[in-house]
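Quick mapping for you: the protein sequence lines, in order, are chains A and B.
Take the position in the first sequence, starting the count at 1, then add 16; the result is the number in our numbering.
Take the position in the second sequence, starting the count at 1, then add 16; the result is the number in our numbering.
Where is the CB? At the ideal position from N, CA and C, for every residue including glycine.
Source: prediction; values computed, not measured.
For reference, the structure is listed below as C-alpha cells.
There are 2 protein chains.
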Amino acid sequence: MNEAHDAPVLFDDLSELFSPHSIALVGASDRADSMGRRTLENLTIHGDFRGELHLVNPMRAEIGGRRCWPSIEALPAGVRPTVAIIVIPGAGVLEAIRQCAQRGVRFAIVLSSGFGEESAAGKALETEMRRTAHAGGMRVYGPNCPGIVNIRERLGLTFSPAFRDDLRPGSIAIATQGGALGRNLLQGGDRGCGYAAWASSGNEADLQLADFIHHFSRQPDVRGVLALLEGVRDGRRFAAAALAATRGGRGIGLLKIGRSEYGMKAAASHTASITGVAEVNSAVFAQLGITEVDDVDELVDFGALLARAQPCGRDGIAVYGSSGGACALVADILGAAGVELAEFAPATLERLRSRLPSYAAIDNPVDTTAITLSDPSVIDHTLLAVAEDPTVGLVVLPYAIDYAEVTGATARRFVELQSRTGTPIVPIWMSERLGEGYRVFAEAGMTPMRSARNAGKAIRRWLAFGRWLAERADRPDPLLLAQGIGPEARSIRLLTEPEGKVLLGEAGLPVPPARIAASAAQAGLAAEAFGAPVAMKIIGRDIVHKTDVGGVALGIADSAAARAAWERIIAAVRTARPDVAIEGVLLEPMAPAGGLEVLVGISRDAVFGYMLTLGLGGVHLELSRDVARAMLPVDARMCAELLAGLRSAPLFDGMRGHGGYDVDALGSLVEALSTLVVSRGHGIEEIELNPVWVGPKGAGVQVLDALVRLREY
Amino acid sequence: MNEAHDAPVLFDDLSELFSPHSIALVGASDRADSMGRRTLENLTIHGDFRGELHLVNPMRAEIGGRRCWPSIEALPAGVRPTVAIIVIPGAGVLEAIRQCAQRGVRFAIVLSSGFGEESAAGKALETEMRRTAHAGGMRVYGPNCPGIVNIRERLGLTFSPAFRDDLRPGSIAIATQGGALGRNLLQGGDRGCGYAAWASSGNEADLQLADFIHHFSRQPDVRGVLALLEGVRDGRRFAAAALAATRGGRGIGLLKIGRSEYGMKAAASHTASITGVAEVNSAVFAQLGITEVDDVDELVDFGALLARAQPCGRDGIAVYGSSGGACALVADILGAAGVELAEFAPATLERLRSRLPSYAAIDNPVDTTAITLSDPSVIDHTLLAVAEDPTVGLVVLPYAIDYAEVTGATARRFVELQSRTGTPIVPIWMSERLGEGYRVFAEAGMTPMRSARNAGKAIRRWLAFGRWLAERADRPDPLLLAQGIGPEARSIRLLTEPEGKVLLGEAGLPVPPARIAASAAQAGLAAEAFGAPVAMKIIGRDIVHKTDVGGVALGIADSAAARAAWERIIAAVRTARPDVAIEGVLLEPMAPAGGLEVLVGISRDAVFGYMLTLGLGGVHLELSRDVARAMLPVDARMCAELLAGLRSAPLFDGMRGHGGYDVDALGSLVEALSTLVVSRGHGIEEIELNPVWVGPKGAGVQVLDALVRLREY
C-alpha cells in the first residue's frame, strides 16, 4: 500500500472559471435585493464582463431587455456556457447541475446556501452534486460561497453588493474559507494593497481552497497569495498546491482560524472543517514555505511586502526619518522582532555626511533632523544614498505624526524617489490621523504599515521567506499520504520493547546489546556477560509505562544484584498487573554517563500523515515544550536544521566549556527512522523513542527505550 | 548610611503650572513662524486662557495691541506671574530665570533648546538654571521641551502649531520624554481616546517625568497615565511617583524606548538619559503596577480601556458579533492572548435563546447571524443580556467589514446601549476602511481597537492591572536607595567562600557545616569527621571561577580520597594561578541527591538599587533565561509569587509524580538574604548564591556556593 505516496496530485486548470467567455445565470431576477438581481447587476452594470450572458428563469420571458430561458436544457443548441452561476433555492440546485453537466458547462458556481452547513441531508446533497458534475466532466465551486471576484478584469461572478467597492487591482490573490474575513482583506486595498482576484471556497463540495491556491500559483501576474484557513480537507492536495506557489517564488501568507481552544470551539460550530492540531499545522506550514500570521491585518502587511518585491537576500534594513524619538522606537522594535539593521558602507556614510548637518545621526537609523522640512532636496540625495547601500534590502520611513499638507508633500517626494530605486521604501504610519500623506502612500501602492510592531513582524516574515526560497525550496517533497490517514486498520499492535528494538535495529538504528532473562539465574548470567552496570526492564504485552508498575531497575552493578532485581521486578509487576502475560526481563548495559536524553517520535496526523517530533527529553520537555516537528521524510541535514531551531540548540552545540553532542549520529538515526516508516507505507501507527541517548561528539547515540505500534490490515 | 532609604520622596504641587492665573511670556513676538509668536497665538487665539498675560520683549513697546515690558524685572511692582514661559535664545535664558526667581515666579517653562542635548557647556548651564531657580523657590520645566498642553482647560503653554488640532478632552494624562511621540499619542484622540493634559519633560534640568506622573496621580479627573520613557533619571523618585498613581487606582501604561540593542544605541545618540537594563526595568515596572507595552498604539489601546472603566474583578470577556468567522477569529486571538471568555449564566443563555434564531450561536462567542440587520431590536435585548451576565467584565464587538451606513446605524445603536450598562462595550474595527461606524464609535469615546490582537493584549493588561490592585497595591514600599547607587565606594572586596558563608550563616541562611584544611592530613581528618562524601573547594582570594582552575573536587568518598584530592587541588591551582595566595581547601558534606539547583542573586542596579534575581540554575538558566527579578525587600510571600511566575514553576510545585520542592525554605532563605542586604545599607555590592540546593518538600535548602562582594568606604 505504498503507491499512493507517489501518485501525483492533479489539478484542473481553472482559468476559464476566473475568465469565462460565456456565462449562464440560473436564477436571474430583477426582484429588488434578490441574489439573482445583484449577481446580474454585478455582471452587467458594475463589472466589465464582455462575453455571452444567458439568463435562466422559467417564470420570465425577459429581464431588463435580455431574453430568459426556462432552463439550461432549453438553451439553444450550440450554446455551451463556460460557467453557470446558480442562485436558485436549494431544492432545484441538483437538477440544474445535472443539466449543466449534460450541456457541457465547465464550471458551476453555486452561490445558494442551505446545504452541508445546515444539515446532514444538505451534506449528502453536496456529495450528489459532485458526483453528477464529475460524471459530465464539470467542476463545482460552492455551494454557500460568495463566488469569484476577478479584480484585474473587473469581473464579479458574485451576488455581493460590495463587489463594486473593492476593485483596487494588484498582484496579490486571496483564497479564503469564510466570506466576511475575505472581504476584510479586500478592504485592505484602502491601505494600498492591490489584488488580482478573490475566491472563497464555501462548503467545498468539490473545489477546495487548495485548488484556488494552485490556480493562483500559475498566474504570471500574481506575486503572492493570502489565505484564510479554517481546516484542511485533504492534506496532500493542500501541500501540493502550497508548494506549487512557494517553490515558484510566490509567498503565501496564511491565517489559521481555530488555533486556541476557544477558536477551535467557535470554528467548529461555524463550519464543518477539521481544525487540526495547531502545533502540527504550524510545523507543516513552515515546511511548505507558508508564512503563518496571527491576525488579518498581518496578512495585508505581508501581502503588501510581497507585492513590492521578492526578498533579494540583502537582509539589512535601514531606518530613515526626521524624528529622533520615532527612529529610536522603530529601531528598537525592529531589533526586538529579530530584524537586522544594515551597517552602511563607508561610501554611504560619506554621502550622508556631505548633505546632513553635523548634529544629524547618519549611522543607521538615519535621523535627518528637521532640515528636510526647510530643504527637501536633502531627502533626494540622502534617501537614495541609503537605498543604494549594498547591504540594504529595504528602507522603512517612520511617520510618528500627521502634519497635514507638510506630510503630504514629503510623501509625494518619497513616491517619486521610489520610482528611482528598486529597494522597497516602506512607510510606517504610526498616527491615528490618516491625513494626506497616508492617502498619497496608499494610492501609490506603498502600503503604509500601521505600527512599528507590525512592520517588524512583516519584514521578518518577508526576509524569512527569502531565506526559505534560497535554502529550502529545492527539498524533496514531503511524504504525502493519500487522504492523510490511509486505509482503516483492522487493529493496532503494540510491540514489546525487545520486538520494537529488533525492528529498529534491523532498520539501522543503534540499539544497545540486549539479553532476555526468563529467570533470576539467567539475569545473573547476562549481567556477568555484559561486565558493566545494566538496566533491567519488564517485558510484557500491553505494559506501556514500565516504571509505574515497578518494572524497571537501573544501574544494577553485578550478577547478584541482577538476580535480586529480577525477583523484585517480577513480583512487583505480578502484583500491579496480574492481567499481563510476562515474557521475561530485558537486560542492557547502562548508557555511559554524560549524554543527553532526547525524544524522537513518529506520529500520524489525521490530515498531514507522518510527523517527526524531536526535542530534549525529560523535565526540559515538559517545562518548555521545546520540540520541532516535520512531515516525513526527514534526512540528516533536515534533522540538523530542526535541532538548530530549538531553544535548546546551544546545548547540542556545546556550552559552558562542553564540546557539544553527537548531532551527526542523531541525524543518521532520524534518517534511518524516517526511511523505515516511509518504507512501510501505512504500516506504522506510532513510534516513540524516549529517550534516545545522545553522547558527546563522536560517542554516538543509542535508543534506550522504544514504544512501537503497528497498524494491521 | 541607612537613613536615605526611609526619607520620604517629596513632590511640589504643580497645579499652578498646569492652570496658572498669571503668565509672563519672555520673548513674545509677532514675527511670522517664530516661537514667540506661535506661543502667543496659542495663548490668545487658539486656547481659552483667561488670566493675566504679561509680554516681555525689550525691542518692542507692544505686540498686537498688548503692552510689552523690556524684562521681568521691569514688570510693574505687585505683578507676580505664576508661570513664565521663556522662548528667547539660549544665551539670555539664565538671566531671565534669575529675574523670574527674584520676582517670585512659581514656575519657569523653558521652551528654548540648545543646552544639554548639544554640549557639555549646555549641560552645565542647566545645572546653573536649577540652582538659580531653587534659590528663589522656583521650579524649572525644560529646557528643550514642548511645554504644557492642558486639554481639559484648552490651555496651551506651548509653541506647537498643532496645539489647536489635538484638543479632545478626556481622563487620560500623558507624560513623555520625547515630543514627537507624545504628539502621536494626542493624535490617538482621532480614535476616540480623550486626554486631560500632556507634559513632555525635555532635558529635565529640574522637573522630571516623575514629577508629572505624580501631579497626574493627584488629579481627580484623571483615570490613567500614558508614559513614554527613554531613561529614568532618579529611580527612587520615579518609583514613588508611579506608586502614587497605581496604588490610587490610576493605571500607568508605559513604553520604554531603548529595550533592544538597536534601540539603546539610537536612544543614546538621541538623549542624555541612561537607558538602563531592559530586564531590570521591566521587573521594576511590574512591581510598581506599571503596565509596560510594546508600541505607541498599544499605549492608546490601554489608555482607552482605563478611560472606559477600572477593571472590576469580573475577568470574563464576551464576544458578540454577527459574522461567525470574525467571532471565531476574535475568540481565537483572545484565547491565545490568555484572556478568559466568560461562561454565561443559564439565565443569560435563556435570554439569548428567546430572541435569536435556532441557527445562531448563543454560547460565548455570540454569533447573532444577520438577523440583527433585518430586526435591529434584537441587538438591544441580546447585547444587554450579555453585558448584564454576572461573569462578564467587558464585551467586545468584532467588526470585520465596513458596510458604510449599515455599519454606522448599528454603531449608533451600540453607543446608545453603552449608556444603559456599566460593562464596557469595546468595538474591534478590523477593516482598513474607516467609515461612518468607526467615526460614530470614536466620537462617542468608545475607542475602537484596531485589531483583534491589539484588543487581546489591551484587555489582558487591563485585567492584570485589576489583579495587581486587588493583590499587590498594599505591599510595603520597595527599598528605594537615594539616587540608586549611593555614595561612591572606596573599594570593592571579594570575600572568600568561607568568609561569605559565615556572613550568610550569621544572617540566618542555611549553609552546610564546613572545615578548612590547611594540609592533606587535615583534609583527611575532616572527611572522616563528616563521615559522608564531601565537596572540596580551593580557598583563595580573588578566585571567582574555582572550577576553571582545577580548584573543585566533588563526591570525595573517604579520608584517603580527601588527602589525594587536597594535593591535586593545591597543585592545580598553584599552576593555574601562581599569583593567588591560597588559604587552604574548604570541605563540606555533599548535599543529598534529588534536589534542585537554584540561582539566588543580589545586584545593584544603577537606577533602582538592590535587585533580587531568582531562577532555576544550571543548564536551564542558560538555555531559557527563566529568572524573576524584584527590587528589595522581598519576603517569603513575594518569593513564592516570583517562583509562581517562572516557566519552571511546575517543577517546583511537583510534576511527573514528584511531590515538589521546599519552596517554603527557599522563601525563608530569600527573606533572610533580603533582610541582610537591607540592614547593611549600601554595604553590599553583589551576592550570588549559585547554586542554592533546594530539597524535596520539608528537606530544606542549603547554600552550596556563595560569592559575596562588599562595598568599603
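Residue i - partner residues in DSSP beta bridges
{"i": "M465 of chain B", "result": "B:I444"}
{"i": "M647 of chain A", "result": "A:M627"}
{"i": "Y219 of chain A", "result": "Before going on, a small fix: residue 219 of chain A reads as Asn here, not Tyr. According to DSSP, N219 of chain A bridges with nothing at all."}
{"i": "F123 of chain A", "result": "A:V99, A:R155"}
{"i": "H70 of chain B", "result": "B:A40"}
Burial state of residue i, where buried means 16 or more other Cβ atoms lie within 10 Å
{"i": "M75 of chain B", "result": "exposed"}
{"i": "R641 of chain A", "result": "exposed"}
{"i": "T143 of chain A", "result": "exposed"}
{"i": "V560 of chain B", "result": "exposed"}
{"i": "D317 of chain B", "result": "buried"}
{"i": "T426 of chain A", "result": "buried"}
{"i": "E359 of chain B", "result": "exposed"}
{"i": "C161 of chain B", "result": "buried"}
{"i": "L33 of chain A", "result": "buried"}
{"i": "P327 of chain A", "result": "buried"}
{"i": "A14 of chain B", "result": "Outside the displayed range of chain B (17 to 729) lies residue 14 of chain B, so it cannot be described from this structure."}
{"i": "D222 of chain B", "result": "buried"}
{"i": "P443 of chain A", "result": "buried"}
Separation of residue j from residue i, as counted between CA atoms
{"i": "M647 of chain A", "j": "F301 of chain A", "result": "10 Å"}
{"i": "H636 of chain B", "j": "P528 of chain B", "result": "24 Å"}
{"i": "Q538 of chain B", "j": "K713 of chain A", "result": "40 Å"}
{"i": "P36 of chain B", "j": "M446 of chain A", "result": "33 Å"}
{"i": "Q499 of chain A", "j": "G251 of chain A", "result": "Its pLDDT being 46, under 50, Q499 of chain A is placed unreliably by the model, and nothing is read from it."}
{"i": "R371 of chain A", "j": "I441 of chain A", "result": "20 Å"}
{"i": "P392 of chain B", "j": "E356 of chain B", "result": "28 Å"}
{"i": "W709 of chain A", "j": "K272 of chain B", "result": "45 Å"}
{"i": "P649 of chain A", "j": "S129 of chain A", "result": "41 Å"}
{"i": "S31 of chain B", "j": "A523 of chain B", "result": "47 Å"}
{"i": "K139 of chain B", "j": "E220 of chain B", "result": "10 Å"}
{"i": "E728 of chain A", "j": "P503 of chain A", "result": "10 Å"}
Neighbourhood of residue i by C-beta distance below 6 Å, restricted to the same chain and skipping five residues each side
{"i": "P608 of chain B", "result": "none"}
{"i": "R531 of chain B", "result": "A542, L603"}
{"i": "A269 of chain A", "result": "Strictly speaking, residue 269 of chain A in this sequence is Gly, with Ala absent from that position. Closer than 6 Å at the Cβ level, and outside the excluded window around G269 of chain A, lie L242, T307, V309, L315, F318, G319."}
{"i": "Q718 of chain B", "result": "P526, P528, A607, W709"}
{"i": "A416 of chain A", "result": "S339, A342, M446"}
{"i": "S619 of chain A", "result": "M627, E702"}
Distance cut-off 7 Å: residue i Cβ against heavy atoms of the ligand FAD
{"i": "L71 of chain B", "result": "Ligands are entirely absent from the displayed structure, and the ligand FAD is therefore not among its contents."}
Same chain, Cβ closer than 8 Å to residue i, neighbours up to 5 away in sequence not counted
{"i": "R47 of chain A", "result": "R53"}
{"i": "G438 of chain A", "result": "A325"}
{"i": "A93 of chain B", "result": "none"}
Distance CB(residue i)-CB(residue j) smaller than 8 Å
{"i": "A536 of chain B", "j": "W582 of chain B", "result": "yes"}
{"i": "M145 of chain A", "j": "R122 of chain A", "result": "no"}
{"i": "R449 of chain A", "j": "Q434 of chain B", "result": "no"}
{"i": "P707 of chain B", "j": "L570 of chain B", "result": "no"}
{"i": "R266 of chain A", "j": "R239 of chain A", "result": "yes"}
{"i": "G210 of chain A", "j": "G247 of chain A", "result": "no"}
{"i": "G194 of chain A", "j": "D348 of chain B", "result": "no"}
Close beta carbons around residue i, own chain, < 7 Å, minus the five adjacent residues each side
{"i": "S298 of chain A", "result": "E308"}
{"i": "D669 of chain B", "result": "G676"}
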